[in-house]
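The structure appears right after this line, and notes come after that.
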Amino acid sequence: MPDAPTKPAYDASFDPLQAFIDLFADVTSTADTKPDRTDLTVEERLRAHIIDGEKEGLSDCLDEAMTTYAPLEIINDHLLDGMKVVGELFGAGKMQLPFVLQSAEVMKRAVAHLEPHMERVEGQTKGKVILATVKGDVHDIGKNLVDIILTNNGYTVVNLGIKQTITQILAAQAEHNADAIGLSGLLVKSVNVMEDNLRELNEHDITVPVMLGGAALSRHYAESYLRSIYEGSCLYGKDAFEGLALMDRIVTDDLDHVHAEIEARLSKRAAADEVVAKDRAKKSASVKAATEAPARSSVATDVDVPTPPFWGSRLVEHVELDTVYPYINTVALFRGQWQFKRGAASDEEYEALVADEVTPIFERLKATCKDEQLLTPKVVYGYWPCQSDGDDLLIFDPEDHDKEIERFTFPRQAGRKRLCISDFFRSVQSGQKDVIPMHCVTMGPRVSDAARRLFEADDYTEYLYLHGMGVETAEALAELWHKRIRQELGLAGEDSPKVRELFTQHYRGSRYSFGYPACPEMSDQDTLFRLLRPERIGCTLTENWQIDPEQSTSAIVVHHPEAKYFNV
Amino acid sequence: MDSPFRQALAERVIVLDGAMGTSIYERDLDVETDFCGCENCPEALLLRRPDVIEQIHHDFLEAGADAVETDTFGAMKHVLAEFDLQDRCFELSKQATEIARAAADAHSTSDKPRFVIGSLGPGTKLLTLGQQTWDVMLDSYAEAARGIIAGGADAIVLETCQDLLQIKCGINAVLKALDDAGRTPEDLPILVSVTIEQTGSMLVGSSIEAAAAALRDYPITSLGLNCATGPTEMGEYIHFLSRRWDRTISVVPNAGLPALVEGRTEYPLGPRDFAEQMLAFVQRDGVGIVGGCCGTTPEHIRLLAQGVADTTPATRKVTPQAPSCTSTYQPVEYRQDQSFLIVGERCNASGSRKFKRLLEEEDWDGIVSLAREQVRAEGAHVLDVNVDYAGRDNAKDMAEVVSRLVRQVDAPLMIDSTQIATIEAGLKHAPGKCIINSANFEDGDEKFDQICRLAKTYGAGLVIGTIDEDPEAAMARTADRKLSIAERAIERAINVHGLNEHDIFIDPLVLPISTGMDQDRRSALELVEGTRRIAEKHPAVQLICGLSNVSFGLKPVARVVLNSVLLDELTNAGMTSAIVHAGKILPLARIDEAQRLAALNLVYDRRDASVGGTGLPTHDQRPAYAEGVDA
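Protein chains in written order, with this note's numbering: chain A, 83 to 650; chain B, 13 to 643.
Below, the structure written as structure tokens:
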């Protein structure tokens, strides 16, 4: 309500223009004016800098704060308070990861600014933790996020990096005597490595709390089975902020509460499992009664075998990046890799976020990766004659189609349709040969190097962007080359005209990578590598059959129309 | 009278030939003896080896093509100039067309007439990027088109288009050449084929939606895609055209995406796959012209022609795009859901001190930032650009500003000037569909007509102010005059100049009500009433106003309220668009109730009837005051 202007007389002298002007006599701003940050107290501004990820004016604000507080107080009482809000917002899906990282960068910058003013005394660190991606696994983005968040919340982090053997982890623990060890991994295989590592720690009488995380791991598996193995505390962290919460408990020796929560989850789960098991038993009894499971699935055996343009493998030394970019799955990139989650945003808000914030980043990275040749797409691919024999798939010599040179064995579904990848090919009994294409694609080693440099320079946001860009561009090249193979086989007519629908298998057949549910055996990579010789494009296998450089992927291609992803 | 080619299009699917370039380069020709030393100039073959071109035409006609494209892809003067052949532009175009004509006639039967389509490529320079001027390119295309027309072509295709501005220039050039020859686009149709790169847009960045919206008002017979990708990649754009383009659609892809395999460029699609995917376009999307671009051979065309003969084209159900203007990149609909079309007013030398200063300092980057700010921070849909400033070369300034904004800001432009030369300078640099601001009858029909012709030539919308030549009244102050001048303008723009009703924006003129002078008291209510009447009689026409004039001279905070309240009244009356400082418009919910009521009393001149007002505010219309009793 404006300050009491004089009420006009409503008679022949009434002038609406004058009344209107009078009403604004003392009004200087409309109700809509934005609150100004300069009105905030210095404490509030410190928090706001962190929460908004605002670097502008940070130094001045810190200098002002130092006239009242000791540097350590500023960090512990105000800046970390801001980080806590950031964590809560992230947890509630109200803040996107890149903004979290911006906040972390501001935090790091603030600490760097304050550091020269701090007295070097023991106990400045809240605690020490060792982080490692386990043996054979090259995926480190999640682990590095944990590093960022813990470091910026006052912990000392010893980040060992990727492919860390238990010997290296033990050596680091001997050297640093950390309060906790964090193990991470993305591959299914890594879960088994974590199990081995826990047993090794037992062997060496180490009982410091171990935190496990990574995409391969489920909370239940970690908290039930793996936790039962380890003699110390074995805890699961779903993301960096849960890791932080765990560390806060660990250093204050307050894990009882955490264990109680875990126990509560487990007993609830056990009760639920019991119900499910009963139901399932009932159902499977009735199914068994109806039919005995057949030996082989009922997929068609008379699909025309396409003719490949050549037999054996070919090397593609150069693919234009502009040809690959349109095949990038932007949903996977923006939401999965870059963590721009929708959260509670409306369609419109999310679209605006993508248009205003994310797309410009994407366009910039596309240009940078091209200009600086960070991504150098290369492919090896080829076609081999083949036949199925039960669960086996026989691969024949490209020159002599009767000479078996390799053999894959694929698992078969125990129930359901009894599917097995081998069923999609003509059998030995049919007397006819089928064709199996394979490919291995890479984005080259430079992108990993560049990403590592960004990480080491504390440029976390750019690191996240570039790393994700590399991963999804490699996937895009795999998608593009799978399409090319369909074209060469004359099967591309069933492709969806919309590129984004190719990501959901809107085409004929399927592409399977080892380690995924239908063909989980990673050691089959050895066979594929003998056939394709991806060394020619700079790809080698790690001891756990991961491809190095990381931004590479391989697959076998199945042309059978009924072939789609399935679980065994 | 429709041409035989147009009649054929109405009856069946037309199969074009395959690749000319790839076919030439597959033959082992010598640069010196065959190409006369002009490497990469297929037109140079016409000089000594016309037999090669003739043979390629025969091969495709033999394979069953209904039409062949002439060897004139780069026959424009400015392209031939790179080989010092510019003086032979007309001659080579004519000769190439005659060769194709002879080949086509040799294969024609009464059942299956064969056609010759004059090909005009994009050239080697991009207009939008300032690598060539409109005038040079217009002249260059026109000369080649004259040769093609003289050589006896049945149609002309502007193909492999990468830049909307180049297309607009090319269409105007062909129209000029047709006019010179006494022909029309009805008897010698113009076809347009754009190239959508794998990035999902034309090279300069325009989407297919922008291309269709910017080209729909030109007299072209078909729109489609060629080159850059294979059929699959074209799928979603063809599907869009199938639903939204109301004329023929053409699709002329490459034989897939090429890749460098074992050191050689290869196109992956064989004739069978190619034909199969092309026929799907006929069956699914009802395309009317099919053919092959890079990597397609006579065998591709043979299977395609055979397939087309046995394929029933889909019947299309077309819902034309909503009337729109476009940036270089995207269309923006004239009618906005739940809002009005917001035209940002700040790039105006007579309305913004900041813009004027930036212009004086020639701080072009600063101008781009100001423009961007309006779009990103303030929510403007369209940007008004006015560089009128005494003492400067306004046409040059307009060209400078527009050529930057069209590249760096994703918003359509409203080219605003009182001078025809300044308006045209802007239009010559804008690839998208602009809106011209403005025409009126102040200087009679002649200047009005000139500006209407600009709108037609450059494919723009047009703002028309309700001002006429009446020396006393001039600007329409009453609802009656606003309506009558609007009706005169709409009638003339449509019937004399062939503009679309939906491309006309009537500006019923906002005059100040803040002066306290009796003649101005009724300005706002006459405006609201005039708007209501025009909107009722011409619902397809757009209505626009320059809002802030109403509160001229008041303090800024009062202006925000008065402008916002008036705008709300106007949009309720049928106003569809406003030129505003978008950041200074408030939604009603954020305006203090007392302020809102006081503003309404001012808008509707609620003075006592005895002093000429519309009557004192009723009790409900009176703002509540913090204290006090009736005086």
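Glycine included, every Cβ here is placed at the ideal spot set by N, Cα and C.
- Across the stretch 421-451 of chain A, CB contacts with chain B closer than 8 angstroms involve D438, in sequence order along the chain.
- Cβ neighbours of V124(A) within its own chain (closer than 6 angstroms, five residues either side excluded): E146 and A147.
- G575(A) has a beta carbon lying within less than 8 angstroms of a beta carbon in chain B.
- For C522(A), the secondary structure class from DSSP, reduced to helix, strand or coil, is strand.
- Straight-line measurement puts the Cα of V228(A) at about 10 angstroms from the Cα of K320(A).
- Assignment of beta-bridge partners to H400(A) by DSSP yields L272(B).
- Between S450(B) and D519(B), the gap from beta carbon to beta carbon is short of 8 angstroms.
- Closest in alpha carbon position to V128(B), among G135(B), S120(B) and P134(B), is S120(B).
- As far as DSSP is concerned, S306(A) takes part in no beta bridge.
- Within the same chain, K217 come within 7 angstroms of T247(A) by CB-CB distance, once the 5 residues on both sides are set aside.
- Taking 8 angstroms as the threshold, the shortest C-beta distance from A254(A) to chain B does not fall below it.
- Here the stretch 19-30 of chain B makes contact with the stretch 303-322 of chain B; the two share three or more CB pairs at distances below 8 angstroms.
- Close CB contacts of A574(A) within its chain, under the 7 angstroms cut and outside five residues either way in sequence, are with K565 and R568 (chain order).
- One thing to note: T323(B) has its Cβ within 8 angstroms of the Cβ of Q295(B).
- I629(A) carries a strand assignment under DSSP once its states are collapsed to helix, strand and coil.
- In summary, M214(B) is buried, with 16 or more beta-carbon neighbours lying within 10 Å of its beta-carbon over all protein chains present.
- For N266(B), there are no C-beta contacts with chain A under 7 angstroms, since the nearest C-beta of that chain is about 12 angstroms from it.
- Nearest CB-CB separation between T405(A) and chain B: below the 8 angstroms threshold.
- Against chain B, the CB of F596(A) has no partner CB under 8 angstroms away; the residue lies outside that interface.
- Taking all protein chains in view, the Cβ of Y407(A) is crowded by 16 or more other Cβ atoms within 10 Å, so the residue is classified as buried.
- Nearest C-alpha to K271(A) among E197(A), V292(A) and Q628(A): Q628(A).
- Residues of the stretch 287-309 of chain B with a C-beta atom less than 8 angstroms from some C-beta of chain A are E288, Q289 and A292, listed in chain order.
- Contacts with chain B at 8 angstroms (Cβ-Cβ) do not include Q246(A).
- Under the three-pair Cβ rule at 8 angstroms, the stretch 506-520 of chain A counts as touching the stretch 387-407 of chain A.
- As for any alpha helix (DSSP H) of minimum length 4 sitting wholly inside the stretch 99-172 of chain A, the runs are 124-134 and 140-148, ordered along the chain.
- Put simply, the CB of D349(B) is far from chain A, with every gap to its CB atoms at 8 angstroms or more.
- Collapsing the DSSP output to three states places I502(B) in a helix.
- For Q295(B), DSSP assigns no beta-bridge partner whatsoever.
- Between R618(B) and G627(B), the CB-CB gap stays under 8 angstroms.
- Spatial neighbours of I516(B) in its own chain (CB-CB distance under 7 angstroms, excluding positions within 5 residues in sequence) are listed in chain order as L474, I476, I502, A505, V553 and Q554.
- Here G472(A) really is in contact with S504(A); their C-beta atoms are around 7 angstroms apart, less than 8 angstroms.
- Neighbourhood of T244(B) in chain A, by CB distance below 7 angstroms: A574, D577 and P579, in chain order.
- With its beta carbon less than 8 angstroms from one in chain B, Y92(A) belongs to the interface.
- Look at the stretch 468-529 of chain B and you find these whole runs of beta strand (DSSP E), each 3 residues long or longer: 473-477 and 516-519.
- DSSP places C48(B) in the coil class of the three-state scheme, outside both helix and strand.
- Remark: C-beta atoms of S336(B) and S262(B) do not approach each other more closely than 8 angstroms.
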